[in-house]
Structures are given as C-alpha cells and as structure tokens.
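Protein chains: 2
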Amino acid sequence: MIEEQLDKTKDDLIRERLLLTAMQEFMQYGFSRISMDDLAIRMGMSKKTLYKYYPSKEELVKAVLEVRKQRVGELMSFIETKVPKHAFGEKIIQVSQKVAESLSDVQPHVMYDLKKSFPLIFEDFDAFKKASIVKGFTSALNEGRASGVFRDDIPIELAVHMHLTLISSMMNPEYLSSQKYTPLQVFNMILRCTMEGLCTNKGRSIVEASLFTKTVL
Amino acid sequence: MIEEQLDKTKDDLIRERLLLTAMQEFMQYGFSRISMDDLAIRMGMSKKTLYKYYPSKEELVKAVLEVRKQRVGELMSFIETKVPKHAFGEKIIQVSQKVAESLSDVQPHVMYDLKKSFPLIFEDFDAFKKASIVKGFTSALNEGRASGVFRDDIPIELAVHMHLTLISSMMNPEYLSSQKYTPLQVFNMILRCTMEGLCTNKGRSIVEASLFTKTVL
DNA sequence: ACCTAAGAAACTAACTGTGTTTCAATAGTT
DNA sequence: AACTATTGAAACACAGTTAGTTTCTTAGGT
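Quick note, the sequences are listed as chains H and Z, same order.
Using our numbering, read the first sequence as starting at 1 and increasing by one per residue.
Using our numbering, read the second sequence as starting at 1 and increasing by one per residue.
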C-alpha cells in the first residue's frame, strides 16, 4: 500500500527495459524473426508477464518505433538550432555523425521485414524518417552549395540518398565488428571519401576525363 | 520417337526458363518468401510439372546460385584478361560497371533470407562472391595506387567495401524506379562522387581542415 | 479411339508463432 | 503460520504457411 508508488516505478522500469531489449533485438534480427517467446527468454520472464506489459506484439512494435521517431526528431532539431548558420562543413559533418549514430544499430533488411509484417507502422515511420533526415541533410548540402563549397552538378536528392545509404550500410555492428578499425575511424574515412573522393589531385583530372567519354556514350 | 531429341531440347528450354524465372523472383523477394506454389503460378504450370524439373526447392535454389556464381566468375576473369594493365581508370570503371550490372537485381535483404533458409548454400555462395569481386576490385584499386592516381591514406579493404556497398544498395530496381534518372546516369553520378568527392576544389581544402580537427579529437 | 502427359485442386504433414490457460512455486502481508 | 497475489514453466489452442504428394480430369498426339 505504502509502496504503491514504488511498485509503479518498478513496473515502469521493467517496461522500459523491455522496450529497449525489444528494440535491440528487433533492429538486429528483424521484427518478424524475433518472436514473443524469444523476447520472454531474453528478458528472463514468462510470456505471461511479458503480455502484462504490452498486450500484443503490434503494440510493442509501435512503441519501439515511436522511440526511434522521437530520437530522430530530437537529433535533427538539435542540429538545426545549435549549429551556426554558415558553418556548412561543420553542419554536414554533424548531421552525418548523428545519422550514423542513430542508424548504426539498424540492419538494412529490418525495414523490409517491418514493411512486410506491419505495413501501416512501416509507412508511418518511414515517412517521418525520410522527411526529417532528408530535410536536415538537404539543407546542409544546400547551404554548402550556396557558398560554393559543394559541387552542384549532381542532383541534390541523389547526393543525399547516396551519403545516407553509405553511412547506414557501413555503420552497422555486423560490419564494424569484422573490421580492425573503430566506428569513429570508419566514419571519418567514409566522410573523407564522400567529401573528397578517392582520387589524388593528379588522378582526379584523369578519371574525370575518362568518365566524361563514358557518359557521352 | 523421332522427336525424342526435340523433346529433350524442349524440356531443357523449359527448365532454363524456370531457372531464370526462379532467379528473378528469388532475387527480388527472397528465397523463403517465394513458395513453390508461387513459382508454379508464375510459370503457368502445375506444381506437379514443376517438381518434374527440380525435385526439391533446395535443388532449385542451388541451381540458381550456381548460375550467379558462374556469371560473377566470367565477369571477373573477363576484366582481368581483357582490360589493359595500366588503364587503371578504365579498369575500375569497368569493374564497377560490371558489379553494378550483376548486383542490380539483388535486394540486400535477400541474402539475409538465404542465410537463414539455406545456411550452407549461402556460405558457399558468399565465400565465392566475396573472393572474386573483392579480388577484382582490390587489384584495380592497387594498380591505381601504384600509379599514384588513388590516394593511399585509406585502408584498401575499406575503400573496396565502401564502393561495393554504395553500388549494390543504389543500383537496385526499387530505388532506381523511384528516380527520374536512368540507371546509367545514377551509376555515373555515384562514380563521380566516389572518385572525386562531393566538394569543389575550393571546398576540398576547407572540409579537409575541418575533418582533420575532428579526427584528432 | 487410345495413351501419355499435363493441369487443377485437394490433401498431408510438419512447422511456426501469437496469445491463453493451467498449475505449481514463491514472495509479501498479516 | 496462513492467506493472497504475482510469477514462471509448460502445455495448449488456433490459425497460417508451405513443401511435397495424390487423385481425378482434360487435352493432344498417334
């Protein structure tokens, strides 16, 4: 009776731990591959108790994705407000870094899985993610272009998608753990490549010429 | 009787068409998601007939992946033998292009699916693919480095993986069909970015400085 | 007309996964 | 120590899926 307050808090803690565990498992293996049995085992509780906290798998999935949405939103508004307007270099690096962090635990196949298992939830999440990440990225790239720092001979949405794709597929634990470099090192190398290209100054003109003849074909 | 020869040929043609159809469906939707019923319908034949050509799903999957292996192999040895030794620009572009072609119909989630459904077949295929593609790519990059055309401050296996990742995740029909550019255009833009970076000459030094301070942190 | 091969569709059997229920054990309360 | 509420373990029901088989019918070639 006296501990009613405390009991509620404890329940909330467990619910939170469950949410985070589910997120981790779902993001790594996919929503359909992780069963409620799996989660119960992973949590060290019975399914009965599990269903006390979330009345169905769908509710749990929803809750997980709400947290993701929230995180992405916070992240983007942070960058938009805190990074000085004309520090384009700074800005794109910050955006990239944040995106890298927030995506580093999502395996690419997981979204296909979600789309198949819970199409409506997927739709909702995907729309939000695209809108906010792409917006942050696009604005950073546009500012850089306006200042003549980024090239403008490549469609902006393609550049955004490319950069995003690269980060999200390389900054995941499975690949990172097979490498001898730290995540930060890998991230910096990716950024170097995208920003500066693989070529030396000498090589750049050669390759550019070669590419030009190819494109005309 | 007289047409025994002809009959066999006809059977072979059907078997081949089945193989190609299965490949297409498997590569797009995944091995476990396409059932034998699906394939029978897609082929306009009954399951009975389908099982005449391949005695089990596993055999069909194996056959499909053997064809893929074969294609990759041919492709790589073609490049290795036909492209002149010192045309590094040419060579990396060719390798990229061929890889792009051969991967453009494989959705990333399909390999996860295979790994889960037929682990042994996956293992075999993956080892082969990695070995041959990475080999071709690495040798092209190395030659470019030796000639001072490619930078050598980025680990080679990372550069290879990066390039490969980018191509395989952007050159798939789902993304391409949502774009207003042709596959060739998209491909060329990717190559431009990887080879030259997103920056203008002016911006390159600024970003490089910014990256440097970040990396030291 | 006959015979063989193909199709359509039902069927088996196994497996999977969500959500529920039963029953025994346990912890907290009085 | 006796009572109560909560939990775990395991079995369960129930629905969906799919590989592979079988039965019966139909069409085409000879």
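Where is the CB? At the ideal position from N, CA and C, for every residue including glycine.
None of these values were measured; they are calculated from a predicted model.
Query	Result
Name the chain H residues that come within less than 8 Å of residue 149(Z), Cβ to Cβ?	199, 200, 202, 203, 206 and 207
In terms of residue numbering, what span does the alpha helix (DSSP H) encompassing residue 187(H) cover?	183-196
If I follow the unbroken alpha helix (DSSP H) through residue 142(H), where does it start and stop?	135-146
Given a cut-off of 8 Å, decide if residue 120(H) and residue 102(H) are closer than it, judged by their beta-carbon atoms.	no
Less than 8 Å between the C-beta atoms of residue 196(H) and residue 204(Z), yes or no?	yes
Could you tell me which residues DSSP pairs with residue 150(H) in its beta bridges?	199(Z)
Can you list, in chain order, the residues of its chain with a C-beta nearer than 7 Å to that of residue 60(Z)? Leave out the 5 residues immediately preceding and following it.	22 and 54
If we ignore side chains and look at the alpha-carbon of each, how far apart do residue 207(H) and residue 73(Z) end up?	26 Å
Mind checking which residues open and close the alpha helix (DSSP H) that includes residue 111(H)?	108-117
Does any CB atom of chain Z fall closer than 8 Å to the CB of residue 17(H)?	no
List, in order along the chain, the chain H residues whose C-beta lies closer than 7 Å to that of residue 108(Z)?	108 and 109
Distance, Cα to Cα, residue 127(Z) vs residue 134(Z)?	11 Å
I want to verify the contact list: residues of chain Z whose CB lies under 7 Å from the CB of residue 76(H), in sequence order.	Near residue 76(H) there are no residues of chain Z at all, since even the closest Cβ is about 20 Å away, more than 7 Å.
Quick one: any contact between the segment 174-191 of chain Z and the segment 173-182 of chain H, if contact means 3 or more CB pairs under 8 Å?	no
Kindly provide the ranges of any alpha helix (DSSP H) runs that are 4 or more residues long and lie completely inside the segment 36-87 of chain H, ordered along the chain.	36-43, 47-53 and 57-82
Can you tell me which of the three DSSP states residue 34(Z) falls into?	coil
Spell out whether any CB of chain Z is found under 8 Å from the CB atom of residue 210(H).	yes
Can you tell me the Cα-Cα spacing of residue 157(Z) and residue 138(Z), whole angstroms?	7 Å
How about residue 170(Z): is its C-beta nearer than 8 Å to some C-beta of chain H?	yes
Is there a Cβ of chain H sitting closer than 8 Å to that of residue 138(Z), yes or no?	no
Compute the Euclidean distance between the alpha carbons of residue 47(H) and residue 40(H), then round it to the nearest angstrom.	5 Å
Apart from the five residues on each side of it in sequence, which residues of its chain come closer than 7 Å, Cβ to Cβ, to residue 129(Z)?	72
Rank 108(H), 113(H) and 160(H) by C-alpha distance to the C-alpha of residue 131(H) and give the top, closest one.	160(H)
Listing by chain order, which chain H residues have their CB less than 8 Å from the CB of residue 186(Z)?	158
So, does the CB of residue 14(H) fall closer than 8 Å to a CB anywhere in chain Z?	no
What does residue 44(Z) touch in chain H if you count any residue whose Cβ is under 8 Å from its own?	Ordered by position in chain H, no residue passes the 8 Å Cβ test against residue 44(Z), which lies about 26 Å from the chain.
Looking at the structure shown, is residue 179(H) part of a helix, part of a strand, or coil, going by DSSP?	coil
Can you list, in chain order, the residues of its chain whose CB lies under 7 Å from that of residue 37(H), leaving out five sequence neighbours each side?	47
Is the separation between the beta-carbon of residue 150(H) and that of residue 200(Z) shorter than 8 Å?	yes
Where does residue 105(Z) fall in DSSP's three states?	coil
On the premise that residue 112(Z) lies in contact with residue 220(H), defined as a C-beta separation below 8 Å, what is that separation, rounded to the nearest angstrom?	There is no way to answer for residue 220(H), as the model of chain H reaches only from 1 to 217.
From 78(Z), 26(Z), 14(Z) and 143(Z), pick the residue whose C-alpha is nearest to that of residue 44(Z); which is it?	14(Z)
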